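Chains as they are written, first to last, in this note's numbering: chain A, 1 to 364; chain B, 1001 to 1363.
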């Protein structure tokens, strides 16, 4: 009895060592021997099938990057990635996936299936960028953009436009959280390939997982301002026959809700601060400044009411008004809200303040 | 049947802080948010604080018994219920400790299999873990307490990573506060049980403190710290996920880390899962130390042989469970036993013990 006890400790160490040596040997993924997929695109074919395109960067010895695309038409989802491996010379890895694109037909018919695949995979981060494209994604992904890897290029295009405030925050996480939140609907940026360049043309608004409305670029400022605290890079308004351009427009939103129990009345107070950066006339006079303020106010208010009326007609709530009402209402019921929503009175009260006029004095 | 412990085997009272905190903070952190928010939604953080308060009360009750008896649960059972019934109750208690230790191990292996190595077999990992546990536990309680200390200190570097998701947080999710009824909150407190289970092992390691009475304040501090961390994590989670979004995430904490991107590290949850090994090891060690100690005291065999039998049993159970459904069932089973143990058995024991104590004094 005593003897074997003495040997137990060395035995445990040996057992641990053997286990680690034999079973600690998991399949290696050496970076040079795998292909990292950085972008995927889904194109609609019919109800059951889709074309999936994957882009992997190939790093060449002269430090340039060549993009290699693989595409396959298969049943939706994960199966496609497995099938793509048959075309590929090295094992495809999706851990570095940066962007997923859906063409418009796909988006209109629902993208939940693909979103679920991306969400369920522990390898894929939730900071993944998603976007809807006009035209076939395969065409976009086949395109090379300078010397950079396509996936990274599209992701940074979306990221910098989000950071400078052109479009509200968006990524897989934001999509999922809007999708699952009652009283909120998701949206994705809308991209278009024109003359071998990708441009951001607006937003695709979703009802659950189906795209139902296309928000034009000209409405982005209004949408962003209504969506929440924002910092918009710049825009232009017309006063009389002259144009005034403004840069870095910051805005704050405050929502007040009345009558939460019967028919809610929502008032959105907007506080917009901007500075003038360009003026097409000769002298910038004080009345021009107040005219600009007035024009901007009118534009936000008009476009805003238009948009909200449209959203109510479509029964979508990309601004998350329902969620806002929920946070102010005890025992909030989503079903009643859905019935109320088309008839909810929404008032927009913008306040515009031009704070600076640039470095040239012209107010005399 | 005195469980006298030589002074050289005892530990300082302040280590009670780490022993309590470490046994409560384990694999539950990775996924407790979904369970607690099932009943009371975004108000569940209140339930976390409530359960922390309840545990303070239970700790106080335990110390009231332990300080009078100056011994562990097995002796208490024997003096209160007599030898046979007392030993039976102790045996059930040990069975619970053993099963929860096994559950922690299997749940953690599942996390590794889902997140890091999908092809990883269960048994080699369980074998490495359980032999390490043998190595640590066979060196005595002082080593177990030391492992708890390091298992508490080292993972503290992970705490700041819980703040990173705040960038994406929407605190409006938490409003309106107290939108759920008291019964919903009580359900959430019940769901919280499995996560914060572990402090009841104090009933067994109480005689191992130098001046055991002094350890009481440290156990309360330990429990306070755990409660604060859990409440903090719960609030961050509820702000990060909407109520319905949270219900589809099996491991909300890990998915929350998925959003962090560092220049040198694409994703942080792999580091976190690896670091979690250091968090899990002390939990398994304390569970098996307590279980083997109990078996030794009941059946009069050496603690080493008791430990070997228990570890072998745990190894077999761990390997037999092989899918999410079974693991989930096991988790809810342990959680259910935990509920009865904590919220019913400890208060009952407290009352019966004091009645007996008074009766003995009178006679």
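Every residue, glycine too, gets a C-beta built ideally from N, C-alpha and C.
Source: prediction; values computed, not measured.
Nearest to residue i by CA position, among the options, is which residue?
i: residue 1147 of chain B; options: B:1277, B:1294, B:1324; result: B:1277
i: residue 365 of chain A; options: A:320, A:62, A:264, A:307; result: No statement about residue 365 of chain A is possible, as the shown extent of chain A runs from 1 to 364 and does not include it.
i: residue 1327 of chain B; options: B:1055, B:1099, B:1052; result: B:1099
i: residue 239 of chain A; options: A:195, A:290, A:25, A:184; result: A:290
i: residue 1198 of chain B; options: B:1235, B:1102, B:1262, B:1263; result: B:1102
i: residue 1286 of chain B; options: B:1307, B:1045, B:1091; result: B:1307
i: residue 1061 of chain B; options: B:1255, B:1128, B:1361, B:1346; result: B:1346
i: residue 1053 of chain B; options: B:1150, B:1006, B:1333, B:1220; result: B:1220
i: residue 1082 of chain B; options: B:1362, B:1246, B:1356; result: B:1356
i: residue 1125 of chain B; options: B:1138, B:1280, B:1301; result: B:1280
i: residue 110 of chain A; options: A:44, A:139, A:59, A:95; result: A:44
i: residue 1348 of chain B; options: B:1065, B:1031, B:1006; result: B:1065
i: residue 127 of chain A; options: A:217, A:263, A:169, A:296; result: A:169
i: residue 275 of chain A; options: A:265, A:42, A:293; result: A:293
i: residue 251 of chain A; options: A:233, A:266, A:263, A:272; result: A:272
i: residue 1292 of chain B; options: B:1335, B:1138, B:1269, B:1339; result: B:1138
Who pairs with residue i in a beta bridge, going by DSSP?
i: residue 231 of chain A; result: A:250
i: residue 210 of chain A; result: A:207
i: residue 50 of chain A; result: A:44, A:74
i: residue 350 of chain A; result: A:270
i: residue 145 of chain A; result: A:148
i: residue 91 of chain A; result: A:34
i: residue 202 of chain A; result: A:190, A:216
i: residue 258 of chain A; result: A:265
i: residue 156 of chain A; result: In the DSSP output, where bridge partners are listed per residue, residue 156 of chain A has none listed.
Return no unless some Cβ of chain A is closer than 8 Å to the Cβ of residue i.
i: residue 1166 of chain B; result: no
i: residue 1267 of chain B; result: yes
i: residue 1040 of chain B; result: no
i: residue 1360 of chain B; result: no
i: residue 1007 of chain B; result: no
i: residue 1293 of chain B; result: no
i: residue 1132 of chain B; result: yes
i: residue 1002 of chain B; result: For residue 1002 of chain B, the pLDDT reaches just 49, beneath the cut-off of 50, and the residue's location in the model is therefore unreliable, although a value from the coordinates is still provided. For residue 1002 of chain B, the answer is no, since every Cβ of chain A falls outside 8 Å of its Cβ.
i: residue 1138 of chain B; result: yes
i: residue 1108 of chain B; result: no
i: residue 1185 of chain B; result: no
i: residue 1135 of chain B; result: yes
If contacts are defined as beta-carbon pairs under 8 Å, then residue i and residue j qualify, I think. What distance do you get, rounded to the angstrom?
i: residue 158 of chain A; j: residue 186 of chain A; result: So it is not a contact: roughly 15 Å between Cβ atoms.
i: residue 1319 of chain B; j: residue 1023 of chain B; result: With a Cβ gap of about 24 Å, residue 1319 of chain B and residue 1023 of chain B do not count as contacting.
i: residue 31 of chain A; j: residue 56 of chain A; result: No, residue 31 of chain A and residue 56 of chain A are not in contact; Cβ-Cβ is about 12 Å, not under 8 Å.
i: residue 1010 of chain B; j: residue 1210 of chain B; result: 5 Å
i: residue 1239 of chain B; j: residue 1169 of chain B; result: 4 Å
i: residue 65 of chain A; j: residue 147 of chain A; result: 6 Å
i: residue 226 of chain A; j: residue 254 of chain A; result: The Cβ separation is near 12 Å, so there is no contact.
i: residue 191 of chain A; j: residue 200 of chain A; result: 6 Å
i: residue 349 of chain A; j: residue 270 of chain A; result: 7 Å
i: residue 1272 of chain B; j: residue 1166 of chain B; result: Between residue 1166 of chain B and residue 1272 of chain B the Cβ distance is about 17 Å, and since that is not below 8 Å, they are no contact.
Under 8 Å, Cβ to Cβ, is there at least one residue of chain B near residue i?
i: residue 125 of chain A; result: yes
i: residue 10 of chain A; result: no
i: residue 136 of chain A; result: no
i: residue 6 of chain A; result: no
i: residue 55 of chain A; result: no
i: residue 180 of chain A; result: yes
i: residue 230 of chain A; result: no
i: residue 398 of chain A; result: Because chain A here runs from 1 to 364, residue 398 of chain A falls outside it and cannot be looked at.
i: residue 346 of chain A; result: no
i: residue 156 of chain A; result: no
i: residue 327 of chain A; result: yes
i: residue 206 of chain A; result: no
Determine, using beta carbons only, whether residue i comes closer than 8 Å to chain C.
i: residue 187 of chain A; result: Considering every chain present, this structure includes no chain C. Its protein chains are A and B.
TODO: Note down, in chain order, all residues in the segment 313-324 of chain A with a beta-carbon under 8 Å from any beta-carbon belonging to chain B.
DONE: Correct list: 323, 324.
Fill in: Residues from the segment 1311-1324 of chain B in contact with chain A, defined by Cβ distance under 9 Å
none
Which residues of the segment 158-178 of chain A have a Cβ closer than 7 Å to any Cβ of chain B? Give them in chain order. 173, 176, 177
Check your understanding: In chain order, what residues of the segment 1224-1245 of chain B put their CB closer than 9 Å to some CB of chain A?
Key -> 1240, 1241, 1242, 1243, 1244, 1245
Given a limit of 9 Å on CB to CB distance, which residues of the segment 88-102 of chain A reach chain B? 95, 96
Scan the segment 1042-1065 of chain B for residues whose Cβ lies nearer than 9 Å to a Cβ of chain A and list them as they occur along the chain. Within the segment 1042-1065 of chain B, no residue qualifies.
inquiry  = Please list, in chain order, the residues of the segment 1011-1025 of chain B that have any C-beta partner in chain A closer than 9 Å.
reply    = Taking a C-beta cut-off of 9 Å against chain A, none of the residues of the segment 1011-1025 of chain B qualify.
Scan the segment 231-253 of chain A for residues whose Cβ lies nearer than 7 Å to a Cβ of chain B and list them as they occur along the chain.
none
When Cβ atoms are compared, which residues of the segment 1277-1311 of chain B fall closer than 9 Å to chain A?
-> 1302, 1304, 1305, 1308
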